[in-house]
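Q:
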Amino acid sequence: VPVAQAEDWLHGALYADGMRLDAFVEKLARYRPGRLACDPAVAALRISGSFPLDDTDRALAAVARTLPVRVERHTRYWVVLRPAG
């Protein structure tokens with residue numbers, strides 16, 4: 002297990018500091034069942050903050066409040082971040 006991933010898990014949060022949204026989504030996806038994806042149109046957006054790993058839906062809601070994205074739920078197990086609007 003990579004050290005950064007182990008630290009996230011130990012602290013119960015995913016820490017981002019100017020992280021690309023696609024990289025953030027890739028990391029967050031490790032902590033939820035199903036498929037979590039990022040539309041290429043918003044992939045290069047940058048995010049910073051601390052996001053809970055025990056409630057990834059709450060983490061996604063925080064992303065949607067912070068960036069011009071919306072959380073598109075096809076099913077509980079298939080979620081995509083898309084451009085807002």
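Numbering (our numbering), first residue to last: 2 to 86.
All C-beta atoms in this analysis are idealised placements derived from N, C-alpha and C, irrespective of residue type, glycine included.
1) State the Cα-Cα distance for the pair Arg47 and Gly19, rounded to the nearest angstrom.
2) What residue range is occupied by the uninterrupted alpha helix (DSSP H) comprising Ala45?
3) By a C-beta neighbour count over all protein chains shown, 10 Å radius and 16 as the cutoff for buried, is Pro34 buried or exposed?
4) Could you tell me the distance, in whole angstroms, from the CA atom of Gly86 to the CA atom of Arg71?
5) By a C-beta neighbour count over all protein chains shown, 10 Å radius and 16 as the cutoff for buried, is Tyr32 buried or exposed?
6) For the beta strand (DSSP E) that Arg74 lies in, which residues bound it at each end?
A: For this structure:
1) 5 Å
2) First-last for Ala45: undefined, no H or E at that position.
3) exposed
4) Using only the alpha carbons, I get a separation of about 8 Å.
5) Tyr32 comes out buried.
6) 70–76
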